[in-house]
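In what follows, a single structure is set out as structure tokens and then discussed.
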């Protein structure tokens, strides 16, 4: 019984010390520091004119008739991406658009 009283007293002291307001709590700042807005990287208004004027298209053969049948679809891989287009927007990001369709189906 004496051990139980000692344990209860120890627990009460621990709670009293741990829950006291010692004044160490930080004071909430009524005016939070504003987060700076990132400055966007300037890009030319039309960065693709010169690139388009000097563009050379690929010279490889782009014919997939030999694997066009539905039964050979496992061989399509990237041949199934049609009309890919890549553009660099004024925001500096590149965007890619394409369609995904089977040949002759």
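Numbering (UniProt numbering), first residue to last: 1 to 105. Every residue gets a Cβ at the ideal spot worked out from N, C-alpha and C, and that includes glycine. Here the structure is a predicted model, which is why all the values come from computation and not from measurement.
Under DSSP, residue 88 forms a beta bridge with 94. Residue 61 sits in coil when the DSSP states are folded into three classes, being neither helix nor strand.
Secondary structure at residue 68: coil, using DSSP grouped into helix, strand and coil. CA-CA distance, residue 16 to residue 35, rounds to 39 Å. Pairing residue 98 with residue 72, the inter-Cα distance amounts to about 21 Å.
Sorting 74, 70 and 87 by C-alpha distance to the C-alpha of residue 49 places 87 at the top. Only residues of its own chain outside the window of five on either side were considered, and among them none has a CB closer than 8 Å to the CB of residue 37. Here residue 54 carries a coil assignment [DSSP, helix/strand/coil].
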